[in-house]
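Notes follow once the structure below has been shown.
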Amino acid sequence: CQKILDKEPSDFVQPENYYNSENDLNFALAGVYDPLGSEYLYASGLWFQFGDCTDESFYPNSSNSFSAPMFYQYDYTNPFVGGLWQECYKGIERANLLLEHIDKPAMDERKRQAIAGEALFLRAYYHFLLVSNFGAVPLKMASTTNVSSVDIPATPAKEVYEQLLQDMREAETKVLKATEIGNASHVSQTTVQGILARVCLYMAGYPLKDETKYGEALEWAKKVVESGEHRLLESYDTGLTNSAYSQIFINHAQDKYDIGECLWEADFNMNEGNSAYAEGGRLGTYQISCVNVDTGYASGGIRTTIKLYNLYGEGDLRRDWAITPFTFESTQTTAVRVPQPANNIINRESGKWRRYFEPNSFIKQQYRTGQNFPILRYADVLLMLAEAENEVNGPTAIAYEAINQVRRRGYGLPVQAYSELADAAPGLAQSDFRQLIMDERARELCFEALRKPDLIRWGTFTDVLSATAEEIMTSNASTTNKSRWVLGYNTAISSPRYLLLPIPALEINVNKAIKQNPGW
Amino acid sequence: QVSVGGLVLDSDGRPIPMLTVQVKGTANRVQTNITGNFTIRAKVGDVLLFSGVGYETRELTLSEQQKYTVTMRNKVNDLEEVMVIGYGTTTRADVTGAVASASVESMQKAPVRSFDEALAGRVAGVNVSSVDGQPGSAVNITVRGANSVTQDNAPLYVIDGFPIEDPNNNFINPQDIASLEVLKDASATAIYGSRGANGVIMITTKRGAMGAPTITLSTSYGIQKDVNRMELMSPYEFVRYQLERNPSDAATIYLADGKNLDFYKGVPAIDWQDQLFRTAGMHNTSLAIRGGNEATKYYVSGNVLGQDGIMINSAYKRYQGSISLDQNFGKKLKGGVYVNYAYNKQNGMSPSAPASNSASAYTLFSVYGYRNFSMDGSTDLSDELFDQFIDPTVDMRVNPILNQEHMLRETMGHNTIVNSYLTYDINPDLRLKITGGINTTVSRNNQFNDTLTVYGNPRTLQGSVNGVNGAVYFSENTTWINENTLTYDHTFERDHHLTIVGGVTESGRSSSSHGSAATKLPNAQLGVNGLDEGTPQTVRALSASWGLMSFLGRVDYKYRNKYLLTLSYRADGSSKFAKGNRWGYFPSGAFAWKFNEEKFFKNIDFISEGKLRTSYGLTGNNRIGEFDYLSVIALAFNPQGYPFGNGTVSGAIPERVGNRELKWETTEQADIGLDLGFFANRISLTADIYRKTTRDLLLNANIPLSLGYATANRNIGKVRNQGLELTLSTVNIKHADFSWESSFNISFNKSEILQLTENQEAILSAAPFDGYFRTIPSFISKVGNQLGMMYGYIWDGLYQYNDFDVSTTGNYVLKDHIPTNGNARNAIQPGDIKFKDINGDLAIDAKDYAMIGRGLPIHTGGFNNNFRYKNFDLNLFFQWSYGNDILNANRYIFEGNILGRSNLNQYASYQDRWSPENTSSLNHRGGFGGAGPSTPTGTNSRVIEDGSYLRLKTVQLGYTFPAELVQRLHFKTLKIYCSAQNLLTWTSYSGVDPEVSIFNSVLTPGVDYSAYPRPKIITFGLNLTL
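Chains as they are written, first to last, in the working numbering: chain A, 1 to 520; chain B, 1 to 1026.
Dropping the structure here:
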């Protein structure tokens, strides 16, 4: 009789029956990575919805009541606010389950440790995204077993940082080297080191202001450089483009890895020929507006600021790549380039990722692309090294060399050779050098989802956004456009609450132990 | 004395066998034979007395005539009427619980496909609501209000003793149904334990009868037509509106080539509604043969039904046959079998269930909203799929006729039911019954979108990705059951009557679904058979199974036919829960007192029945997924995989977190009922009040996202339903030639949410007819309130000039003390919509939401009338729903264009809209982006309307041919009739039909958007007996 009641599920497995082989662990690891590619993280959320509206760029299509983070019109019910939170915790839960079962299969120990290291790192990275965007959040170190305890207090931001730092340090000893992996989709040892540098810089800045962390940031950045595994990309396909800098992003469009330059990418893929297996992001689709699908559909949601345009020096090849000097006059069947008038700077669009470089063999959907998003580039590591060195030891030769390498490549010059044109002015005071770093990060890393957190950690968010609003109001844009475009800036500086995202509705409605962030 | 003969018929003209015919005042009596005929020796002037169970006694004085035809009237409210209850039968007089019989005979007069379509308003306490009027569309039945907030509230169906949780009622031919009872209170339903809480519908099919074979043929043919259409703007009004809304763009389109607005006065309008809707045919033919002898009885029937939809390319078809056989093996052993097979096919795209979450994807969006004239002034737009001025990547508006004609959506199902039983009389008081049954459904679903559909054309958003595409899905499910019961029935010392039933039952179900979809099909002409040539997409592979094992018992004790006691108990073990929580126990008790049997009542003649009933008990609901208590690891490429090194690796992710503490939802119900009969039950009244409290709701509850999951299945929350039911049956007029009988019922139910997930005060639910409304709540189910309340802004008219200051440049600027409407202050203009600022912060946002309507009715009911004049009979059945509101989302779109779609036609009612010359209009202005908030931020009460209605649901006028005439043609009986369904409706609802609920659930009742209109049906038919 009991047989009738002992039914086993026939179309799914339970966690306790899974994780039996190396393959199972690899599939589970893919699940841990998966949230990186979600809409709310690197498919668009982090660099578009929460990345637009800084001193680099703004969203030009705002209407007054449209609820959207791109111009700071959101509250705790906004789907992108909830989505970022939810996707990070999904990743954390998946990592916890994998770590809890990591020792189950018999397999090569080094491979096991690499998987464990990646899961550990990603759990920490998701916590990092949470704590840097939301402040105090629940720290989750084990998988969910009880759905009845729903009052979960937030862990203070400092404790969350300490724990994720510890996890990342441990992961650093387990994961494989970039050259062993051979692509930028898996987390390598130098990726962990580079992200550790980033985490330490965030801890050193606002709001924790733990300035002792500059030293640790410096160590981690140095480790990346000293590993010898990475370099700035200096070569490019002359048939396609005129600079190594642009080649980095053309590689993204063509799904080519260059692990020398790009340590870690959020991986998207549209080259399977079968859209059922495609993982599309939106990189490219918010850049140069174009309705022609063959050229590559894009809606132009990221316009550059006059400030960014003017930051570039004469001869800096990065400018006309990051900021498109032309527009497409396009129809369903045609797309013709029309140069932008010289005085028309505020109408220029971000052109860092360009869809017309996507090979024709890829699936060219309107709103989805296979372009990978660079989460960590070597140029960023060099700039972090320069920043940390400047904070710890002042503008030393080490700091100068790091920033100059990045600048020389920007001007299309050999990175190792002195250049009068490209090199930073010698003999800067520490504070001037700090300003140089801030500007150089905008020049090199614009639109790469780093600007808003940078401004926040430097404590300059409100001042910089006020200045940008001022700049828009004094620009040559139409009165209507001015009032539309400054809305986001005026909102962002109207209250200090915008330094953190609100705790999402779906959390706070059921979790009574968590408190809403101040001002929300 | 001479030999007198005759034929005895029932009120439907069918012969009555075994009826007693007696010469009054003598012992001379005979019985009618199987064909209803009798012969008796009597003389002129004698009085013949006709009597039989279930019929009113009739007298007939003999004349010279030697052949007579006598029509017997059914005795209304016969106390000896048998009622089917769980694991047994009882009589109306002896029933202790709240059990109602539906009048199957009246229901069969409705020209409908399945019995559930005719059930609305027939039985007090049974609420029937259907999604819309599409042939085959779902009918939702709830008994005494919804217990469960997120789980299924459908009752358990028991067909010939076999419980089925989710039958497709279209598989049963309504003509094969002999009786239909509804078990409502805990005493009646607790014997079905963990599946009894939602009420039980007992269906008994017709079986064989002793006598020579009787062949019954009933056939009807009818037509269906939509009842209401929406009046739309003329081409002139359309262009005038576009010019007002967006002057510059509209001028480029409509005033090109020197045309002016007046030009459009002469442009002929295309009536898309007229092209989409049609007068559709419906035919329904059943043939049944019934007969048998002492040992063997049989009933064989077949049915063919075809119903074209009133919308083009939609239809329903059924071929069905059944056989039942009962056989005696000697005196003690008896057995039987029942086999029913049905094939049905439903086709047609549902206008209210598109595959996209855009409001423009719904069929009627294009019908109402598509430009209704040709730019070149001709009347033909039939070849073009798109309006050239609409961007097909953002708006799914297409030529509705081409799209509807080309979109293939069809489901073909085969259902087989095999039930069998054996009974063995161990001794005269003790009977063993063993039953076994299998119910299998296999179905196939085809979908295909070619280039002339919105999902397959390369210019649309979906078509650009998928190209020509299609899918085929198969599903299969089988439920088996075995039940073994012992029944003991004995009367001790005349006064004590005891019936005991005990039993063991076990049942199980397995189901699976497989299939796949493919895109970019190169050869559209191959249809779904060309799927192999395309790009393979998602492959579906699902399977699950459950098992249920139960012990049950019931004791009925009757003392002196005055006091009746029923106690029942069931223990259910279900595989749907983890070990330790598998068994649930469901006791109940009922007591009834027939007070009119008491001595002190014997003198009160006019009261013929008086019974007070009371019951209390626990029942359960186990309607959750087979393995919802377990955590799931799901493995797939998409969406959870990750493209490592440009090659996608499947992701294994925890898709659901389990909950091993999961158990039954338990409903505790108390009921007090009163049955009264007056004047030999010429008037009878049944009243019941009940209160039921459901606890440990099986709730797919929100849990903090920080747990890694959005929801988990939990037993949490409490809901109460209480109500009153009244049924009054009367024989109003009773003469030999003319009679009028009527039956009236009304039920009130009120729900209250007592508790939800801890910390959760309300469940907010969306009416997601468009992406924008996906995140905006339209309903709130709040602790302390009723389920399914509508929720949003209170509409407060329009802004007028005096709400504004005039700036120096002549612009209107909203005065500082006047609240906004969700738009920025500087964007609001006179003529814009206004909402009530509840919290007084001068800004309209989610804090200003209020309860703005109720989705569930205050009361529902029905009023059935049977008239007879000589050989004519007339049935009039009214049905109503009172107090429920409808969220008429069509008006958002077509009376103000809330989503701001370009070049969208509007209802004619929007011709009256605010303008500087027409400031008293209630419709907001048509100006660009200014009508309301340019993006909706709340549901608003402007579109919430009273959905109460009274409907003349069924009418049948019949004529039974005189027996003499019919017999000359060698028939036994012949009746012709004309039936009509949905003939008249009285309602103040402005939409097409108030009986609508496109997102039908307890949380989201009463939403109307692009619903399939319910047709008016008129059929002509005949019933013939051979």
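We put the CB at the ideal spot given by N, CA and C, even for glycine.
The structure presented is a predicted model; accordingly, all values stated were derived computationally and were not measured.
If you draw a straight line from the C-alpha of residue i to the C-alpha of residue j, how long is it?
{"i": "GLY306 of chain B", "j": "GLY281 of chain B", "result": "8 Å"}
{"i": "ASN303 of chain B", "j": "ASN170 of chain B", "result": "12 Å"}
{"i": "VAL501 of chain B", "j": "ASN293 of chain B", "result": "30 Å"}
{"i": "ASP151 of chain A", "j": "ASN715 of chain B", "result": "17 Å"}
{"i": "SER650 of chain B", "j": "GLU391 of chain A", "result": "44 Å"}
{"i": "GLU752 of chain B", "j": "TYR989 of chain B", "result": "27 Å"}
{"i": "GLN956 of chain B", "j": "ASN621 of chain B", "result": "39 Å"}
{"i": "ALA846 of chain B", "j": "SER466 of chain A", "result": "29 Å"}
{"i": "TYR422 of chain A", "j": "ASP267 of chain A", "result": "Per the sequence shown, residue 422 of chain A should be read as Ala rather than Tyr. Those two C-alpha atoms are separated by around 33 Å."}
{"i": "PHE277 of chain B", "j": "ASP391 of chain B", "result": "27 Å"}
{"i": "GLY515 of chain B", "j": "ALA636 of chain B", "result": "16 Å"}
{"i": "ASN292 of chain A", "j": "PRO458 of chain B", "result": "14 Å"}
{"i": "THR61 of chain B", "j": "THR667 of chain B", "result": "58 Å"}
{"i": "GLY930 of chain B", "j": "TRP520 of chain A", "result": "For GLY930 of chain B, the predicted structure reports a pLDDT of 46, less than 50, and the residue's modelled location is therefore unreliable. The matter cannot be settled from this model."}
What three-state label does DSSP hand residue i in the structure shown?
{"i": "PRO502 of chain A", "result": "coil"}
{"i": "LEU385 of chain B", "result": "coil"}
{"i": "TYR801 of chain B", "result": "helix"}
{"i": "ILE195 of chain A", "result": "helix"}
{"i": "TYR378 of chain A", "result": "helix"}
{"i": "PRO138 of chain A", "result": "coil"}
{"i": "GLY930 of chain B", "result": "Bear in mind that the predicted position of GLY930 of chain B carries a pLDDT of just 46, short of 50, making it too unreliable to give a figure here."}
{"i": "TRP353 of chain A", "result": "coil"}
{"i": "LYS90 of chain A", "result": "helix"}
{"i": "ALA1027 of chain B", "result": "The question about residue 1027 of chain B has no answer, for chain B in this structure spans 1 to 1026."}
Can you name the residues that DSSP bridges to residue i?
{"i": "ASP675 of chain B", "result": "B:LYS611, B:THR686"}
{"i": "MET282 of chain B", "result": "B:GLY222, B:GLN307"}
{"i": "LEU498 of chain B", "result": "B:HIS490, B:TYR557"}
{"i": "TYR949 of chain B", "result": "B:SER881, B:THR987"}
Within the same chain, show all residues whose beta-carbon is closer than 7 Å to that of residue i, passing over the 5 residues directly before and after it, in chain order.
{"i": "SER65 of chain A", "result": "Because the pLDDT at SER65 of chain A is just 46, under 50, the model does not fix this residue reliably, and the point stays unresolved."}
{"i": "GLU598 of chain B", "result": "LYS562"}
Can you list, in chain order, the residues of its chain with a C-beta nearer than 6 Å to that of residue i? Leave out the 5 residues immediately preceding and following it.
{"i": "LEU842 of chain B", "result": "PRO819"}
{"i": "LEU164 of chain A", "result": "ALA124, HIS127, PHE128"}
{"i": "PHE448 of chain B", "result": "LEU408, GLY470, GLY527, VAL528"}
{"i": "GLU87 of chain A", "result": "PRO35, SER38, TYR40, LEU41"}
{"i": "GLN167 of chain B", "result": "Reading off the sequence, residue 167 of chain B comes out as Pro, not Gln. Hits under 6 Å: TYR157."}
{"i": "CYS262 of chain A", "result": "ALA184, PRO374, ARG377"}
{"i": "TYR257 of chain A", "result": "ASN183, ALA184"}
{"i": "LYS975 of chain B", "result": "GLY13, GLY958, THR960, ASN1023"}
Report all residues from its chain with a CB closer than 8 Å to the CB of residue i; omit the five preceding and five following residues, and keep chain order.
{"i": "ASN702 of chain B", "result": "ALA710, THR711, THR757, GLN760"}
{"i": "HIS817 of chain B", "result": "LEU842"}
{"i": "GLY208 of chain B", "result": "ARG290, GLY291, GLY292, THR296, LYS297, TYR298, TYR299, SER324, LEU325, ASP326"}
{"i": "THR57 of chain B", "result": "LEU49, PHE50, SER51"}
Can you find a CB in chain E that lies within less than 8 Å of the CB of residue i?
{"i": "GLN166 of chain A", "result": "Absence of chain E from the displayed structure is noted, the protein chains being A and B."}
Query - Validate contact between the region 763–783 of chain B and the region 357–368 of chain B using beta carbons, cut 8 Å, 3 pairs - result: Touching, per the Cβ criterion.
Query raised in the report: Is the region 419–435 of chain B touching the region 391–400 of chain B in the sense that three or more CB pairs, one from each, lie closer than 8 Å?
Result: No: the two stretches stay apart, fewer than three of their Cβ pairs being nearer than 8 Å.
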